[in-house]
Structure formats: structure tokens, C-alpha cells
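Quick note on numbering: our numbering labels position 341 of the sequence shown as 349, and the sequence is numbered without any gaps.
All C-beta atoms in this analysis are idealised placements derived from N, C-alpha and C, irrespective of residue type, glycine included.
Before any comments, here is the structure.
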Amino acid sequence: MSDAKKGPFFLTNTLSRRKEEFVPLRPPHVGLYVCGPTVYSDVHLGNVRSFLTFDVLYRWLTFIGYTVRYVRNITDVGHLVGDVDEGEDKIAKRARLEQLEPMEIVQKYTNGFHDVMRLFNILPPSIEPTATGHLIEQIEMVKRIIGSGYGYEANGSVYFDVPRFAEKHAYGELSGRRIDELLANTRDTEGMEEKRSPLDFAIWKKAEPSHLMKWPSPWGEGFPGWHLECSAMSTKYLGRTFDIHGGGMDLKFPHHECEIAQSVAADGEAPVRYWMHGNMLTVNGRKMAKSEGNGFTPEELLTGNHKLLEKGYSAMTVRFFMLQCHYASTLDFSNAAMQASEKGLDRLVKAMALLPKLKAAEADEADIDALERRCHAAMNDDLNTPVMIAELFEAVRIINSVHDGKLKLTEASIGKLRTMMRVLVRDVLGIREEVADAKGDDHALDALVQEFIRLRAEAKARKDFATGDAIRDRLAAIGIVLKDTKEGTTWERA
Ligand SMILES: [Zn+2]
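Next up, the structure:
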């Protein structure tokens with residue numbers, strides 16, 4: 009499939025603060041790097057929104073014909089509680105609190121992260137590298153930074169010399185920060201006496217004897233600085249310069265700014281051509297945070313078991329709700345907005361279920377090609393999912409009208425509409441057409457109905473059509489409608 013077919017794709021580049029046409033370095037290949045989770049606690053809904061943004065980017069790039077190598081890391085060492093160069097390692101701290109080995113913490117929360125990604129139908133990346141799995145690459149990068157004169161050792165730690173780097177290179181360009189302003193706003197932090205400037209950051213940290221997560225290096229036993237892993241792993245898998253780097257808005261500074269400095273210092277090249285940042289999720293107008301008491305987990309959301317939730321919502325309702333907002337805007341979570349999304353998704357899924365039943369006419373009273381072009385144009389315009397969803401509701405209106413006999417479409421147009429809806433809703437937006445909602449009783453109901461579907465299939469297999477039909481009719485009588493499709497039998501409530 010050629011990308012030219014669907015028109016140029018425009019993306020807002022955080023670096024230029026402009027919408028730019030996306031042109032990959034080595035088409036049809038695209039290199040995409042997204043900062044993954046630090047696996048020391050449960051994922052909350054704000055994290056889900058960030059990973060969803062890049063999931064849609066990955067799906068869209070694939071849809072328009074690119075071969076994407078999508079790298080999303082797991083931070084399993086080096087992310088300190090203070091986020092900069094101070095405090096305990098987040099994973100080591102959690103290990104101490106839960107009385108587990110640090111790698112047990114890493115495994116536990118990596119598993120949990122994967123479960124949440126699957127729940128929201130967020131596709132796995134092509135490569136999911138870990139920081140502890142790439143210590144050699146990180147140590148080699150520290151050596152290159154020292155070699156180029158932008159890193160120095162002090163008491164077993166190695167620091168990045170920011171003022172020296174800023175003399176010759178742009179530092180702060182991505183986040184719009186200036187060296188003099190940064191200097192005016194610094195405060196005393198741990199390791200200050202070792203640093204030449206308070207702006208310097210650790211690329212390798214000396215480990216105290218009691219530290220659990222440490223490795224040998226030319227500078228003694230220690231561990232890598234948090235920013236280093238992304239630079240080392242993106243270089244390894246995507247090259248010194250690659251196409252797109254994504255992450256949440258909160259990572260712009262210092263994390264991404266430091267990534268740029270490290271790569272330029274080590275290899276002399278700006279690492280990223282397009283930077284992309286997703287915006288935050290708020291709850292009733294306030295930032296989502298555990299300390300605010302509004303940082304509910306996906307489980308609480310599904311069960312409705314939280315004081316801020318009026319009821320439970322399905323994972324697909326949440327996904328649809330998030331997609332109804334552009335990724336660069338803040339999204340406010342409220343029960344009213346969720347319930348509106350639930351209704352909207354229900355209309356969409358019900359209309360899709362009507363698609364196989366539409367009857368063709370001799371003439372066309374709606375232009376499906378034009379509708380599809382408008383959907384593609386919305387996505388090509390900086391992944392404008394809310395505009396595309398508005399167009400999909402136009403498709404819903406058309407489907408319902410054809411079904412009610414109020415609008416005519418030819419067989420060819422109905423076929424196009426079916427393909428378009430399947431591809432855009434399932435493949436691009438990643439919406440699974442679930443019958444069950446979040447409530448546990450519907451999961452039980454689904455299991456029960458699946459049992460009847462199996463019994464009916466067995467009856468038909470032994471040519472006992474009377475029993476097969478009786479099962480279908482009795483279920484229909486209590487409002488459970490079975491549908492035989494090419495993929496098998498499905499069910500829905502009447
Ligand atoms: Zn990162």
C-alpha cells in the first residue's frame with residue numbers, strides 16, 4: 009500500500025512548535041521511540057492516555073503504508089525518587105517497602121503494565137528493551153560523552169557538563185528553557201559538591217555499598233543516570249538519528265532535553281527529527297495524581313469502586329472517550345463525559361452490527377468515498393481523532409438510514425462502507441466491539457451464553473437442527489440474539 013494514496017501526513021513537532029509534513033528518513037521504514045513506564049507502581053489512567061496516543065500514531069503510520077519499528081522501553085533502574093539526581097531509586101525503594109528483590113518489583117509491575125495495555129487494546133511495541141539489559145551500551149555512551157569533553161568524573165560518578173555543552177550547542181530548545189533562567193532557578197541538590205554546575209546531571213552514579221542495583225564500570229560500582237537509557241537504546245535500535253520520539257508532556261524537561269544533549273555529545277548528531285508530546289489527563293478539572301486522591305487505577309474504573317466514580321466503565325468506553333479528544337489537548341475526566349462516550353460508543357457498535365444486514369439499492373444517495381477521504385484527512389491532520397469520530401457518526405447516520413429504508417446505497421457502496429468501518433474503527437482507533445460492559449455479571453452472562461453457543465454448535469454438528477433452533481429461539485425469547493457470522497457465532501442483547 010503506498011502512502012501517497014492517503015495524502016501527506018502532518019504532525020506537530022514539539023521542537024519547531026509547528027505542524028510539519030512527516031517525511032521519514034528511510035521510507036518505507038519509520039523509527040519510533042516512546043518512553044515507557046518506570047515499573048515501580050501500578051499504571052494509572054493518565055499513563056494509559058499517553059500510551060494510547062502513541063498506539064494510535066503507530067496504527068496510523070502502519071495503515072498509511074509504513075513499516076514501523078516501534079521501540080518502547082521499560083525503566084527498571086536509575087529513575088530516582090527526586091526525578092533528578094537525588095533520592096533513592098524508585099524501584100529499590102519499592103522493593104524495600106514491599107520486602108521484595110528489586111527484580112521481583114520489576115517483574116510484578118511489568119506484568120501489571122502489560123495487562124493494562126492489553127485491557128485497553130494498546131498494541132505491544134516491536135522491541136521493548138530494559139535499562140538493565142543495556143548496561144554495556146550505556147557505559148559505552150558515557151565513555152563517548154567523556155571523550156568528546158562533555159562529561160567528567162567526580163568521586164565515582166560521571167556528570168554531563170551542561171554549560172560547556174551549551175556554549176556550542178542548543179540546550180533547552182525543545183522545552184523552551186534558557187541557561188541563565190535555569191541557573192537562576194536552581195536549588196541545592198544532592199551531589200552538588202561534585203558538580204561543576206548545578207545544571208549538570210548524572211550520567212553514571214556511584215553506588216553506596218548498601219545499594220542493591222549496581223554494576224561494575226570504569227568509574228567503580230554504580231548505576232546509569234535515568235536519561236541515559238533512552239539515548240543508548242534508541243541509538244542501538246533506531247540509529248543515531250531516527251524519525252519520531254514520543255512521550256508525555258512532563259518528560260520534555262529535563263528528560264528529553266537531556267536525551268538530546270547526550271546524543272549530540274556522544275555521537276555528534278541530533279537524535280530525533282520529530283518530537284511528539286501527549287497532553288495530560290485531569291479529573292473534574294484537577295490534575296490526576298495519587299496524592300490528590302483522584303489517581304484511580306484501571307481496575308477501579310472498570311468496577312466503579314472509587315468515590316469519584318458513579319459506576320464502572322468498560323475499557324473500550326475509556327478508550328473511545330480518550331480518542332474523542334485531540335492528543336495535544338488536556339482531557340478532563342468526568343462521569344458526565346464518560347456516560348456520553350458510553351452512549352456514543354454504543355451507537356457506533358450497534359450501527360456496525362447492522363452492516364451485514366444492509367440491503368442494496370440501484371442508486372447511491374450518499375458518497376462513501378468522500379466520507380472516507382474526510383476520515384483520512386482528519387487523521388493526516390496531526391492525528392485528529394475527534395474530527396474522524398465525528399465523521400464516523402455521519403457513517404452511523406447513513407447506516408441507520410439505509411437500514412430503515414430511508415436512504416439508498418448500491419452494493420458497491422455498502423461494501424466500501426463495511427470495509428471502511430472495520431478498518432477505521434477496529435484497526436486504526438483500536439476499538440473492540442465488546443458486548444459485555446464493565447460489570448462482572450455481564451462477564452458471567454457472556455460465559456453462560458458462550459456455553460449455549462457451544463451446545464448449539466454441537467447439536468448442529470450431529471445434524472440435530474431442531475435442538476439447535478430451539479436453543480436459538482429460547483435465547484431470543486429472553487432477549488439474547490445469536491448471530492452467525494463467518495468468524496463464528498456472536499450474541500447481543502435485543
Ligand atoms: Zn525516556
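The bridge partners DSSP lists for Lys-27 are Thr-20. According to the DSSP assignment, Thr-140 belongs to no beta strand (DSSP E), since it is labelled neither H nor E. As DSSP reads the structure, Trp-283 sits in a beta bridge with His-253. In the three-state scheme derived from DSSP, where H, G and I count as helix and E and B as strand, Arg-294 is classed as strand. The stretch 293–302 makes no contact with the stretch 323–335: fewer than 3 CB pairs, one atom from each, lie closer than 8 Å. DSSP places Thr-75 within a strand segment (E or B) once states are collapsed to three.
If only uninterrupted beta strand (DSSP E) runs of at least 3 residues are considered, those enclosed by the stretch 301–381 are 339–341.
In this structure, Cys-266 has its beta carbon at no less than 7 Å from each heavy atom of ligand 1. Collapsing the DSSP output to three states places Gly-155 in a helix. Taking 8 Å as the upper bound for CB-CB distance, Phe-128 and Val-56 are in contact here, some 6 Å apart.
Put simply, the stretch 272–292 touches the stretch 151–161. At least three CB pairs are less than 8 Å apart. Cβ neighbours of Lys-203 within its own chain (closer than 6 Å, five residues either side excluded): Tyr-167. Ranked by how close their Cα comes to the Cα of Ile-488, the residues Ile-135, Leu-317, Gln-458 have Gln-458 in first place. For Leu-33, the closest alpha carbon among the candidates Pro-279, Val-170, Ile-211 is that of Pro-279. Comparing alpha-carbon positions, the option among Gly-180, Ala-378, Leu-417 lying closest to Phe-261 turns out to be Gly-180.
In this structure, the C-beta of His-263 approaches ligand 1 to less than 7 Å from one of its heavy atoms. Secondary structure at Asp-472: coil, using DSSP grouped into helix, strand and coil. Rounded to the nearest angstrom, the gap between the Cα atoms of Ala-359 and Cys-333 is 22 Å. Nearest Cα to Asp-435 within the set Glu-373, Ser-49, Leu-131: Leu-131.
Within the DSSP secondary-structure output, Gly-39 pairs in a beta bridge with Arg-77. A Cβ-Cβ separation of about 25 Å leaves Met-241 out of contact with Asn-287 under the 8 Å criterion. Between Leu-415 and Glu-399 a beta carbon distance of about 17 Å is seen, past the 8 Å cut, so the two are scored as non-contacting. For the 8 Å CB-CB criterion, Ala-210 and Gly-233 form a contact.
Separation of Asp-188 and Met-429 (C-alpha to C-alpha, rounded to the nearest whole angstrom) is 53 Å. Remark: the shortest separation between the CB of Gly-54 and any heavy atom of ligand 1 does not fall under 7 Å.
Ligand 1 has a heavy atom closer than 7 Å to the beta-carbon of Gly-255. The set of residues with a C-beta under 5 Å from any non-hydrogen atom of ligand 1 comprises Cys-43, Cys-238, given in chain order. Leu-331 places its beta carbon 8 Å or farther from that of Ile-406. Sequence-distant partners of Trp-212 (beyond 5 residues in either direction) whose C-beta falls short of 7 Å from its own C-beta, in its chain, are Val-150, Ser-165, Val-166, Ser-225, Trp-227, Gly-230, Pro-232, Gly-233. The alpha-carbon separation between Thr-75 and Asp-251 amounts to approximately 12 Å.
Taking C-beta atoms as the reference points, Glu-136 and Ile-82 count as a pair closer than 8 Å.
By the neighbour-count definition (other C-beta atoms within 10 Å, threshold 16), Ala-485 is an exposed residue.
For Phe-128, there is no enclosing alpha helix (DSSP H), as DSSP marks it with neither H nor E.
About 5 Å separates the beta carbons of Leu-339 and Leu-289, which is inside the 8 Å limit, making them a contact pair. Take Leu-463, set aside five residues on each side of it, and the residues of its chain with a beta-carbon closer than 7 Å to its own are Ile-479, in chain order.
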